[in-house]
Amino acid sequence: MYVKGVGMTKFGFENRPTWDMAYEASLEALNGSAINDIDAVVVSTVDTLVSDERQRHYPSLVSSLFKRKIPMIQIPAVCGGGGAAFWTANKLGYDNVLVLGVDKIAVNTPPIITNEIMNATDKVWEQNEGMIFPCSVALIAQQHMLRYGTTTDDLDLVAFKNHENAFLNEKTPFYRKKITLEQIKKSPVVASPFRLYDCTLNVNGAAACVLTKDKTDVEVAGSGLNVDYMGPFEREDMTKLIACEMAAKEAYKKAGIGAEDIDVMEVHDAFTILELISYEDLGFCKKGEGAKLIRDGTTKIDGKLPVNPSGGLKARGHPISATGMAQIYEIVRQLRGECGDRQVSRHKYGLAQNIGGPGGSVIVNIFKKVGG
Amino acid sequence: MVKVLRWVCRKCNKKWLYPIEKCIYCNEKLEKEIGLKTKVIGVSKVNVPSSYHPIVPYYVLILEDEHGNRMPKKSMREWKIGDEYKWQPSDDDSAVSIVKIKYDVYEAVKEALELINFKLDNNAKILIKPEIIAKAYPYMAFNTNPKVIDAILKILIEKGVKAENIIVAERCQFDPMEEALPRSEIDGVCNKYKVKFVDLAKSQYEKKKEGNFEFEIAKDVLGRDLVINVPVLKTHLLLGIAGALENMTRIVSEKCYKEMSSKKPEEIAQAIALLNKSLKYITIGDGTIGMQGNGPAQYGEPAFLNMILASKDPVALDSVFKEIALLRNVPCLEVAEKMGVGTADIREIAVVGEELGACQRELKPAIGSRLIKF
Chain A
2 MYVKGVGMTK FGFENRPTWD MAYEASLEAL NGSAINDIDA VVVSTVDTLV SDERQRHYPS
62 LVSSLFKRKI PMIQIPAVCG GGGAAFWTAN KLGYDNVLVL GVDKIAVNTP PIITNEIMNA
122 TDKVWEQNEG MIFPCSVALI AQQHMLRYGT TTDDLDLVAF KNHENAFLNE KTPFYRKKIT
182 LEQIKKSPVV ASPFRLYDCT LNVNGAAACV LTKDKTDVEV AGSGLNVDYM GPFEREDMTK
242 LIACEMAAKE AYKKAGIGAE DIDVMEVHDA FTILELISYE DLGFCKKGEG AKLIRDGTTK
302 IDGKLPVNPS GGLKARGHPI SATGMAQIYE IVRQLRGECG DRQVSRHKYG LAQNIGGPGG
362 SVIVNIFKKV GG
Chain B
632 MVKVLRWVCR KCNKKWLYPI EKCIYCNEKL EKEIGLKTKV IGVSKVNVPS SYHPIVPYYV
692 LILEDEHGNR MPKKSMREWK IGDEYKWQPS DDDSAVSIVK IKYDVYEAVK EALELINFKL
752 DNNAKILIKP EIIAKAYPYM AFNTNPKVID AILKILIEKG VKAENIIVAE RCQFDPMEEA
812 LPRSEIDGVC NKYKVKFVDL AKSQYEKKKE GNFEFEIAKD VLGRDLVINV PVLKTHLLLG
872 IAGALENMTR IVSEKCYKEM SSKKPEEIAQ AIALLNKSLK YITIGDGTIG MQGNGPAQYG
932 EPAFLNMILA SKDPVALDSV FKEIALLRNV PCLEVAEKMG VGTADIREIA VVGEELGACQ
992 RELKPAIGSR LIKF
């Protein structure tokens, strides 16, 4: 399959109706082509009940919005929803599929949103014990620090790099907003060892793309999805996302390439440690050596392997189901050389890695620039 | 001891967090693996509140047991990696145990009883007093969860108590017991253990004078060596909360109950206190679901507490529930303490097992003009 158009709203705190964001992202993704050419729609959104909309049946909402009666399916997979929707659409076999991720998360007070997001953990073992998401991943970070010597300074560098990238991205809430390393280091502790700037932001937004059998300039070279146990505490090794390793292995195999061929990637840095662990589990360094890549500048926008040139979840924000599609939006535009100030120099292969929960599901999609 | 639970297939060497019966790979029956020696291997201090965890800071620990199994545990105090984590039981008469249920009600009830050093004479004649107030399914939390009654009966039988020495007894408040009992599913549990169910509405009653009140108490209750009171932990539109003290009000005749209920608020509180003062029992508070809002029945809503409380002191147990639910001003408890029924002052209560602060979450209080205030 190939990617035709991609579309994305600005991510932020604007209180727009979901249909409005979905419409904008889809219209951009259609890029002048007719909605009549679309054979199916795969839409991802979380079933949040804390939003003012309380809208749960998105296929019918999208039908009303586009005035189409074609197969439309909803793929809710929490933070990995966008990637899972894309993975599903890629398997469906339709000629042209619109894939859409949309969510309104910045709609209620932080305690209520924090509680709502915690619903992606086990009720009895985790929710009842106060295991909010930042805490769940903070405990992963602590284990990584204890075993491999990763430090909070390393985490700060991840946040700093991604904020520098978001400074150049007009679709993020931090566009042209400078965040210093000192601000990051002095930010309040959310769940130790994480400070505020180790954590993503709850924002609203939508992103979309059109997948097609027609040959375009961007091919979906490989795609993998795998899962792991819900709670990190249940996994044999808390510092490793096995789902990521397995999904990546499948995607590389299908693409016929290895990690060394990837030129640019968007990884799921909902919390800074996840970016470092992703370097390891995607095969860019040995286990435990993720911090080296941030320390030596490898993953900066002008480094050997630019990671999260968009700003990542860290600085672009995380409208849950829209995130996976926003990663694809960035990678496709990077491969097409459309990213302006944050355009990376080498852009033949791009990778997007989307994580659901604290590693409970991981989707890896690899894209290849065709021709040119 | 805090217990780390797993369900294990020894043949396939796979472990589950859930009490499933058979291995999905080999169909073998699973074994329960219980870890008792737990160490702290991870700690995170959480500074941001969420609806279910409003009080910050708190700590989330990762505990690891002797089998290498792990579990998260919330605490309100600081811990270091390598610390041993354990619970100590208490002999204090007003001790209240709190145990969060990890998908296994039996283990939670057993642990709650161990934590208050509950001793049992296995020749005792025992009455279990559940709460069955209406014809309602267990998920609605009007009535005691049959899983809790099942757990209690299993524990008693395991300890050598004969089934013929146990009865389960209640008087239904809103519906005929013939309709309420099967809907509560407690009849099925009684049949499973061959334990008799007694409808207290059909009991003979004995008059008993306490202070200014004369109660008509079911003889079935008075003749037992041990009474185990098993209320649902609820908010209540008249009393503020309904727990241990309120649940015993249905051991009196309907006529006597109506007389008690028609009195002035202060007198109602006094009557409940006096009735409970005349009785000796232990309480196992059913917080498997629990109720919030305008309980005790259809105007309330499930609270999803997921915990078991136990105490020899009913006032202390109700007071701990009041604190867990972050409720204010429940006059009945103060009256009961003044009348010597038990301890209401939370500072005087030994809370064992889970830390009280680690269980606190605001429940919807009962509201309305009928709520007792004085």
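Respectively, the protein sequence lines represent chains A and B.
Offset between the first sequence (1-based) and the working numbering: plus 1.
Offset between the second sequence (1-based) and the working numbering: plus 631.
We put the CB at the ideal spot given by N, CA and C, even for glycine.
Close partners of Val677(B) in chain A (Cβ separation under 7 angstroms): Gly131, Ile133, Cys136 and Ala192. Between Ala967(B) and Val951(B), the C-beta spacing is not below 8 angstroms.
For Val345(A), there is no enclosing beta strand (DSSP E), as DSSP gives it neither H nor E. The region 239-258 of chain A and the region 206-226 of chain A touch, with no fewer than 3 CB-CB distances between them shorter than 8 angstroms. DSSP places Gly699(B) in the coil class of the three-state scheme, outside both helix and strand. Closest option to His867(B), judged by alpha-carbon separation, among Lys646(B), Ile1003(B) and Lys676(B): Ile1003(B). In the three-state DSSP reduction, Met707(B) falls in the coil class, being neither helix nor strand. One finds Trp126 and Phe234 in chain A with Cβ atoms closer than 7 angstroms to the Cβ of Met702(B), taken in chain order. Looking at the backbone, the Cα of Ser1000(B) and that of Ala316(A) are separated by about 51 angstroms. Less than 8 angstroms separates the beta-carbon of Lys172(A) from that of Lys11(A).
The three-state reading of DSSP puts Ser188(A) in coil, since its state is none of H, G, I, E or B. Taking 7 angstroms as the Cβ-Cβ cut-off, the region 688-712 of chain B approaches chain A at Tyr689, Val691, Ile693, Arg701, Met702, Pro703, Lys704 and Lys705, given in chain order. Within the region 839-893 of chain B, the complete alpha helix (DSSP H) segments of 4 residues or longer fall at 850-853, 875-878 and 885-892, listed in chain order.
Cα atoms of Ala208(A) and Glu762(B): separation of roughly 53 angstroms, rounded to the nearest angstrom. The beta carbon of Cys803(B) sits closer than 6 angstroms to those of Ile763 and Ala811, all from its chain and outside the five residues before and after it, given in chain order. By DSSP's assignment, Asp104(A) forms a beta bridge with Gly206(A). What Ile113(A) touches in chain B, judged by beta-carbon distance under 9 angstroms, is Ser681 and Ser682, going in chain order.
Taking CB atoms only, Met119(A) has a neighbour in chain B less than 8 angstroms away. Contact between Ser706(B) and Leu692(B) holds, since their C-beta atoms are separated by about 6 angstroms, short of 8 angstroms. For Asn644(B), there are no neighbours in chain A by C-beta distance under 8 angstroms, as the nearest C-beta there is about 12 angstroms away.
In terms of CA proximity to Ser45(A), Ser322(A) leads the group Cys286(A), Gly358(A), Ser322(A) and Cys200(A). Contact check for Ser675(B) against Ala192(A) passes: the beta carbons are separated by less than 8 angstroms. A residue is called buried when at least 16 other Cβ atoms come within 10 angstroms of its Cβ; Phe67(A) meets this threshold and is buried. In the three-state DSSP reduction, Tyr330(A) falls in the helix class (H, G or I).
In summary, Gln835(B) is exposed, with fewer than 16 beta-carbon neighbours lying within 10 Å of its beta-carbon over all protein chains present.
Close partners of Pro685(B) in chain A (Cβ separation under 9 angstroms): Pro112. Proximity of Leu50(A) to chain B, defined by a Cβ-Cβ separation below 8 angstroms, is not satisfied. The beta carbon of Gly931(B) sits closer than 6 angstroms to the beta carbons of Met922, Gly924 and Asn925 from its chain, once the five residues preceding and following it are set aside; these are given in chain order. With contacts defined by Cβ atoms closer than 8 angstroms, Leu31(A) and Val211(A) form a contacting pair. For the options Gln143(A), Thr201(A), Asp229(A) and Gly8(A), the alpha carbon positioned closest to that of Lys711(B) is the one of Gln143(A).
Contact with chain B is found for Ala139(A), since one of that chain's Cβ atoms lies less than 8 angstroms from the residue's Cβ. Shown here, Cys821(B) sits in a helix according to DSSP, grouped into three states. Under the three-state reduction of DSSP, Leu306(A) is assigned to coil, being neither helix nor strand. Gln75(A) is bridged by DSSP to Val44(A). Among the residues of the region 83-116 of chain A, those with a Cβ less than 8 angstroms away from any Cβ of chain B are Pro111, Pro112, Ile113, Thr115 and Asn116, in the order of the chain. In the DSSP assignment, Ile757(B) is bridged to Ile797(B) and Leu857(B).
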